[in-house]
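Residue numbers (my numbering): 24 to 316. Every residue gets a Cβ at the ideal spot worked out from N, C-alpha and C, and that includes glycine.
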């Protein structure tokens, strides 16, 4: 419940408070065209209310408490589960434990996304939360590994593979030593997808905590490649020239195709860089966890 509450507060913050001209409280960032278009339309057509500074601070403190509560709860749940591995915790209860922790992890990411400006100013608090996040991610990824077994909570018990929800979860950890039997079936690929989702989301969160305006990643992924590509486009445009020869027309076609690729890449980067895309990604991750539970 707290995971969805944090996501709801992040959405409310985005619509009412989020500053489209700065992604950090102390350093201006480039205006994202996607966020600018969405928020300009929403704030001019649907919601023109501007919250007070006190409301902003109250939301910040609330999300800070929710984020800390979730990371501590998630780590506590996982440690409790690990402590019961050799005491007979069942696969069914391990599944519930893992995906309750999943919600806690993405609730924490939502909070960190919300608090980028606050954590940029409070460097010590940022380092402490990064340490807890790394511990949490490590425990959660290891806990996800046995769910990749082909017999893990098998939804098709009549497929001769068996159905073992009450089997000790520790048995599935032992099965990790037998890759020939383990690396088969839909469960394995579902587990891989879940691990990549967890790792990718937390890695991105870590980068944004230390680079809230995405200055370094923007330079590496957009500015430098964009400059090189523009030079290439300019060269193609000159080769096309103003003549109507077959050679010139061929270069114009190549130029138009390359320009379309360049425009598509720029638009894709703007979408992926936007806060709106982050909210959609977190919503998808929580929906995935809901389905798995």
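- Shown here, residue 258 sits in a helix according to DSSP, grouped into three states.
- The alpha helix (DSSP H) runs lying completely inside the region 240-302 and spanning 4 residues or more are 247-263 and 269-296, given in chain order.
- Restricted to the region 117-143, not a single alpha helix (DSSP H) segment is unbroken, complete and at least 4 residues in length.
- With fewer than 16 neighbouring CB atoms inside 10 Å of its own CB, residue 64 falls in the exposed class.
- A distance below 7 Å between beta-carbons, with the five flanking residues on each side excluded, links residue 274 to the following residues of its chain, in chain order: 259, 262 and 263.
- One Cα belongs to residue 314, the other to residue 163, and the distance between them is close to 17 Å.
- Scanning 59, 137, 25 and 189 for the CA closest to the CA of residue 114 turns up 189.
- Rounded to the nearest whole angstrom, the CA to CA distance from residue 295 to residue 80 is 28 Å.
- Looking at 29, 76, 38 and 28, the one whose alpha-carbon comes closest to that of residue 298 is 38.
- When DSSP states are grouped into helix, strand and coil, residue 146 belongs to the helix group.
- In this structure, DSSP gives residue 210 a helical state, which the three-state scheme calls helix.
- A straight-line Cα-Cα distance of about 7 Å links residue 213 and residue 171.
- Residue 312 and residue 33 have their alpha carbons spaced roughly 19 Å apart.
- Per the coordinates, the alpha-carbon of residue 100 lies some 50 Å from the alpha-carbon of residue 283.
- DSSP, read as helix, strand or coil, puts residue 93 in helix.
- Of the residues 232, 89, 107 and 103, the one whose Cα lies closest to the Cα of residue 144 is 232.
- When beta bridges are read from the DSSP output, residue 191 appears opposite 113.
- By the Cβ neighbour-count rule, residue 169 is buried, with 16 or more other Cβ atoms within 10 Å of its own.
- Contact between the region 148-158 and the region 115-122 is absent: fewer than three C-beta pairs spanning the two stretches fall below 8 Å.
- Around residue 228, the same chain offers 132, 135, 136 and 156 as residues with beta carbons nearer than 8 Å, after the five sequence neighbours per side are excluded.
- Shown here for residue 86: same chain residues with a beta carbon closer than 7 Å to its own, the five before and five after excluded, namely 29, 32, 134, 137 and 138 in chain order.
- Short of 6 Å from the beta carbon of residue 62, and not among the five residues preceding or following it, lie these beta carbons of its own chain, in chain order: 43.
- The alpha-carbon separation between residue 75 and residue 55 amounts to approximately 24 Å.
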